[in-house]
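Reviewing the structure listed below.
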Amino acid sequence: KAGVTQTPRYLIKTRGQQVTLSCSPISGHRSVSWYQQTPGQGLQFLFEYFSETQRNKGNFPGRFSGRQFSNSRSEMNVSTLELGDSALYLCASSLRLSSGSTDTQYFGPGTRLTVL
Amino acid sequence: QQPVQSPQAVILREGEDAVINCSSSKALYSVHWYRQKHGEAPVFLMILLKGGEQKGHEKISASFNEKKQQSSLYLTASQLSYSGTYFCGTDNAGNMLTFGGGTRLMVKP
């Protein structure tokens, strides 16, 4: 089974620009979560999508948004980029068998975003 | 609220044992352990559910103390391949994971 794929793998943008990152989950997985990873803050949860609906949201400003398509692929958008947005953005997919539990999450390789 | 991992870093010789702890200030539904090697994605190791169970994966095992809101990861007879950063992810409400700051493990020959 193919793993989680993320595109692009590397991205360089300048302050004020916007960026869209893409994530394709493992086939059959309906939940996609996004995380920001930085050396100082570790792995920070951004949001989770399940069946095209945002189920959970982390403590990030509204500049960070996402969506999920009917084939479970997900995109994350960051508008008005700031220097502090430089990070590795990871997405993870899971089966999400029930709403009362958190299933095993399988991570993609990430997109390394650098904001200049 | 982010779980607290300790120690932050540990250096071992091949064959030595290590314990990594993960503590939460909130009640836990489950604890997930991941290992991330430099430049790679985090890889799932194991999940522990409410009930104080212990699980194993090769020479890596973990325990979950629901009352103390803690989990510990045990690495026995460490190998070079165990090097990496270990993260615990805690599920406090049955719907999302919050990750600790990570524990950097280096195994030397």
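Each protein sequence line maps, in turn, to chains L and Z.
Residue numbers 51 to 166, in the working numbering, belong to the letters of the first sequence in order.
Residue numbers 16 to 124, in the working numbering, belong to the letters of the second sequence in order.
Ideal placement from N, C-alpha and C gives every residue a C-beta, glycine not left out.
Original post:
By DSSP, does S38/Z sit in helix, in strand, or in coil?
Top reply: Looking up residue 38/Z in the second sequence gives position 23. Looking at S38/Z - three-state DSSP - the assignment turns out to be strand.
Original post:
What does Q86/L reach in chain Z if we use C-beta pairs closer than 9 Å?
Top reply: Walking along the first sequence from the start, residue 86/L turns up at place 36. By Cβ distance, chain Z contributes nothing, its closest Cβ being about 11 Å from Q86/L, past 9 Å.
Original post:
P159/L touches chain Z at which residues, Cβ-Cβ below 8 Å?
Top reply: Within the first sequence, the letter at position 109 stands for residue 159/L. Chain Z residues near P159/L: E55, A56.
Subject >> Exposure label - Y101/Z; buried when at least 16 CB within 10 Å >> reply: On the second sequence, residue 101/Z is found 86 positions in, with the first residue counted as 1. By the neighbour-count rule (16 or more Cβ atoms within 10 Å), Y101/Z is buried.
**OP:** Below 7 Å CB to CB, which residues in the same chain sit around S38/Z once its five sequence neighbours on both sides are set aside?
**Re:** Locating residue 38/Z in the second sequence gives position 23, counting from the first residue. The residues are P18, V19, Q84, Q85.
**OP:** Can you have a look at R28/Z and say buried or exposed, based on whether 16 or more other CB atoms are within 10 angstroms of its CB?
**Re:** Reading the second sequence from its first residue, position 13 is the one you call residue 28/Z. Under this definition R28/Z is an exposed residue.
Original post:
Distance, Cα to Cα, Q94/Z vs Q68/L?
Top reply: Numbered from its first residue, the second sequence carries residue 94/Z at position 79. Numbered from its first residue, the first sequence carries residue 68/L at position 18. Per the coordinates, the alpha-carbon of Q94/Z lies some 43 Å from the alpha-carbon of Q68/L.
Subject >> Cross-chain neighbours of Q155/L in chain Z, by beta carbon under 9 Å >> reply: As a first step, residue 155/L must be located in the first sequence, where it is residue number 105. Per Cβ cutoff of 9 Å: H47, Y49, P57, F59, G104, L112.
Subject >> Inter-residue Cα distance where the pair is G90/L and F114/Z >> reply: Position 40 of the first sequence, counted from the first residue, corresponds to residue 90/L. Position 99 of the second sequence, counted from the first residue, corresponds to residue 114/Z. When rounded, the distance between both Cα atoms is 13 Å.
Subject >> Partner residues on chain Z for R105/L, Cβ-Cβ distance less than 9 Å >> reply: Here residue 105/L corresponds to residue number 55 of the first sequence, with the count starting at 1. Those within 9 Å of R105/L in chain Z are N110, M111.
Original post:
In this structure, what does DSSP give as the bridge partners for F97/L?
Top reply: Position 47 of the first sequence, counting from 1, holds the residue named residue 97/L. DSSP, once it has assigned bridges, lists W84/L, K107/L as partnering F97/L.
**OP:** Say whether chain Z places a C-beta atom closer than 8 Å to the C-beta of L61/L.
**Re:** Stepping through the first sequence from its first residue, residue 61/L is reached at position 11. For L61/L, the answer is no, since every Cβ of chain Z falls outside 8 Å of its Cβ.
**OP:** Using a Cβ cut-off of 8 Å, pull out every chain Z residue sitting near F95/L, in sequence order please.
**Re:** Start at 1 with the first residue of the first sequence, and residue 95/L comes out as number 45. In chain order: M111, L112, T113, F114.
Original post:
L90/Z by DSSP, collapsed to three states: which one?
Top reply: The residue you call residue 90/Z lines up with position 75 of the second sequence. If DSSP states are grouped into helix, strand and coil, L90/Z belongs with the strands.
Original post:
So who's on the other strand from R162/L, going by DSSP bridges?
Top reply: As a position in the first sequence, residue 162/L is number 112, starting the count at 1. BP columns for R162/L point to Y60/L, L138/L.
**OP:** Give a yes or no on whether 8 Å exceeds the smallest Cβ distance from G92/L to chain Z.
**Re:** One-based indexing of the first sequence puts residue 92/L at position 42. For G92/L, the answer is yes, since a Cβ of chain Z falls inside 8 Å of its Cβ.
Original post:
Does the region 159-166 of chain L come within contact of the region 103-122 of chain L, defined as at least 3 CB pairs closer than 8 Å?
Top reply: no
**OP:** Report yes or no: is there a C-beta of chain L within less than 8 Å of the C-beta of G117/Z?
**Re:** Numbered from its first residue, the second sequence carries residue 117/Z at position 102. Yes, contact with chain L.
Original post:
Along chain Z, in chain order, which residues have C-beta atoms closer than 9 Å to that of L140/L?
Top reply: As a working mapping, residue 140/L is identified with position 90 in the first sequence. Within chain Z, the residues near L140/L are A56, P57.
Subject >> Contact under 8 Å by Cβ, S81/L with R123/L >> reply: Sequence index remark: in the first sequence, residue 81/L carries index 31 (1-based). Sequence index remark: in the first sequence, residue 123/L carries index 73 (1-based). No; because the gap between Cβ atoms is not below 8 Å, this pair is not in contact.
**OP:** Tell me whether the beta-carbon of V54/L lies closer than 8 Å to the beta-carbon of A142/L.
**Re:** Here residue 54/L refers to the residue found at position 4 of the first sequence. Here residue 142/L refers to the residue found at position 92 of the first sequence. Yes. Within cutoff.
Original post:
Whose Cβ in chain Z lies nearer than 7 Å to the Cβ of E98/L?
Top reply: If you number the first sequence from 1, residue 98/L lands on position 48. Here the neighbours are M111.
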